[in-house]
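Residue numbers (UniProt numbering): 1 to 392.
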Ligand SMILES: Cc1cc2nc3c(=O)[nH]c(=O)nc-3n(C[C@H](O)[C@H](O)[C@H](O)COP(=O)(O)OP(=O)(O)OC[C@H]3O[C@@H](n4cnc5c(N)ncnc54)[C@H](O)[C@@H]3O)c2cc1C
């Protein structure tokens, strides 16, 4: 892969809306991605392997639990800093951002919000430092968009719970020490359980042959009569709202992350359009290429504004799930369209691993599907504005 020459677009002077701390956090993440992700990511995506050597660096830039309080090992930052970290990481690769999102919003967040003080003390500092990695098991082979139908279940056996079932498409599963698993109790109520690697009957086979998120490890979680200690139940929230609360936080991070992927594709295509000569001119001089680039920067700018405002609402504790859903859907769709257009601007070179665009394009196919598909998010907005439920 070529040297990383990324320069972030800021067409509407959005930096003026950021505090010094936001810019410091963002610039540190950007530098780290240039130094530690860009030089190796193409190789790891090609061999379909998560680069475990970057775990310490992710922890150092605050990517594991950016908004988790410092007393639990988190970075204690606000929601905009959290978003900017996700933006910069996904500028490097959506798979790396996925690993950080899962660790922060889907593993640390439920332990912090729904766990006991003992659980917080035991797990959060190790997850924040990357000593332990976590995964989040909600999706099942027969229950994706409709997780309420899950069949994974646990029974109360007096001194422990007995867990049975299977989860599919689980990011970080092949190497995670800790899994937050959503399962139904005997009354059919959904609860979160902390399952640890090494518990008898718990296995995590890896999912192979992905053409997307190749630098992120994906796997199954299989529970065959796993004895889970009673103190591993997350006691402070149950029902589908518990995993959905985690997804709010993760989807918010994805909304920022998708901007990062789009910015990288736009920046690469813009530079290429000024250097590549055809018919005696740089291709950027042709109106058809300018149309693509002009539309890209317009869409990026709109997404930046939408997402910054969402961050302000999150900081004030006022963002609704439906507002987060809209930003996730809009921004991922925006990024995937920009990746496609950017790839065309690079012609044949666009399909190679010399540039990041094709990798972003393939990665975004997962991002538009996970954490609620594009269709599901349209229906969430539809429900919010009409009051009529298309899911029933
Ligand atoms: C790489 C990757 C990593 C993932 N990581 C995780 C993870 O860490 N943890 C986890 O729990 N899950 C994870 N997932 C799972 C992901 O969240 C699901 O794939 C997603 O929710 C969609 O479920 P599904 O694949 O079963 O598709 P389905 O639900 O079967 O949907 C198939 C199609 O039907 C459409 N559809 C479904 N219902 C409706 C409806 N009511 N109206 C209209 N259209 C509908 C969908 O939009 C989609 O187009 C991951 C997925 C991928 C690909």
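C-beta: ideal position from N, C-alpha, C; glycine also.
Within 8 Å, strictly: CB atoms of residue i and residue j
i: residue 90; j: residue 258; result: yes
i: residue 367; j: residue 29; result: no
i: residue 340; j: residue 361; result: yes
i: residue 7; j: residue 260; result: no
i: residue 148; j: residue 44; result: no
i: residue 133; j: residue 176; result: yes
i: residue 247; j: residue 371; result: yes
i: residue 289; j: residue 345; result: yes
i: residue 327; j: residue 306; result: yes
i: residue 1; j: residue 42; result: yes
i: residue 135; j: residue 173; result: yes
i: residue 73; j: residue 129; result: yes
i: residue 80; j: residue 61; result: no
i: residue 156; j: residue 187; result: no
i: residue 321; j: residue 244; result: yes
i: residue 237; j: residue 48; result: no
i: residue 271; j: residue 5; result: yes
i: residue 46; j: residue 353; result: yes
Integer Cβ distance of residue i from residue j, believed to fall under 8 Å
i: residue 263; j: residue 300; result: 6 Å
i: residue 198; j: residue 167; result: 18 Å between Cβ atoms; not a contact.
i: residue 336; j: residue 364; result: 4 Å
i: residue 311; j: residue 83; result: 5 Å
i: residue 36; j: residue 57; result: 5 Å
i: residue 104; j: residue 158; result: Not confirmed; about 35 Å, so no contact.
7 Å Cβ shell around residue i - same chain, five flanking residues per side excluded
i: residue 390; result: 379, 382, 383
i: residue 373; result: 145
i: residue 229; result: 160
i: residue 22; result: 80, 81, 84
i: residue 196; result: 177, 178
i: residue 33; result: 88, 89, 91, 92
i: residue 9; result: 263, 266, 267, 297, 300
i: residue 26; result: 84, 88
i: residue 11; result: 297, 301
Residue i classed as buried or exposed, judged by whether at least 16 other C-beta atoms fall within 10 angstroms
i: residue 277; result: exposed
i: residue 13; result: exposed
i: residue 3; result: exposed
i: residue 314; result: buried
i: residue 218; result: buried
i: residue 139; result: buried
i: residue 54; result: buried
i: residue 386; result: exposed
i: residue 317; result: exposed
i: residue 70; result: exposed
i: residue 141; result: exposed
i: residue 24; result: exposed
i: residue 67; result: buried
i: residue 252; result: buried
Contacts around residue i, its chain only, beta-carbon distance under 6 Å, and the 5 residues preceding and following it disregarded
i: residue 224; result: 201
i: residue 351; result: 358
i: residue 265; result: 338, 339, 342, 357, 360
i: residue 40; result: 51
i: residue 349; result: none
i: residue 222; result: 166, 203
i: residue 303; result: 259, 331, 334
i: residue 206; result: 174, 219
i: residue 97; result: 86, 89, 90, 257
i: residue 284; result: 273, 274
i: residue 212; result: 362, 363, 365, 366
i: residue 106; result: 136, 246, 250
i: residue 232; result: 193, 194
i: residue 279; result: none
Same chain, Cβ closer than 8 Å to residue i, five either side skipped, listed in chain order
i: residue 184; result: 150, 151, 152, 153, 154, 190, 191
i: residue 111; result: 119, 120, 123, 124, 127, 180, 194, 234
i: residue 242; result: 110, 114, 182, 190, 191, 192, 234
i: residue 102; result: 134, 135, 136, 171, 172, 250
i: residue 377; result: 325, 326, 328, 329
i: residue 293; result: 266, 269, 270, 273, 284, 345
i: residue 295; result: 341
(request) Write down every uninterrupted run of the alpha helix (DSSP H) in the region 156-222 whose length is 4 residues or greater and which is fully enclosed by it, in chain order. (result) The qualifying runs do not exist here; there are none.
(message) At 4 residues or longer, what runs of the alpha helix (DSSP H) sit wholly inside the region 262-321?
(response) Counting only runs of 4 or more, we get 287-315.
(request) Could I get the ranges of all uninterrupted alpha helix (DSSP H) runs contained in the region 76-147, with 4 residues as the minimum, in chain order? (result) Listed in chain order, they are 79-92, 94-101, 109-114, 117-128.
(message) Could you tell me which whole alpha helix (DSSP H) segments of length 4 or greater appear in the region 11-71?
(response) Runs of the alpha helix (DSSP H) lying entirely within the region 11-71 and spanning at least 4 residues, in chain order: 20-32, 38-46, 55-60.
(message) Ignoring anything shorter than 4 residues, give me the alpha helix (DSSP H) runs that lie fully in the region 364-389, in order along the chain.
(response) Runs of the alpha helix (DSSP H) inside the region 364-389: 374-386.
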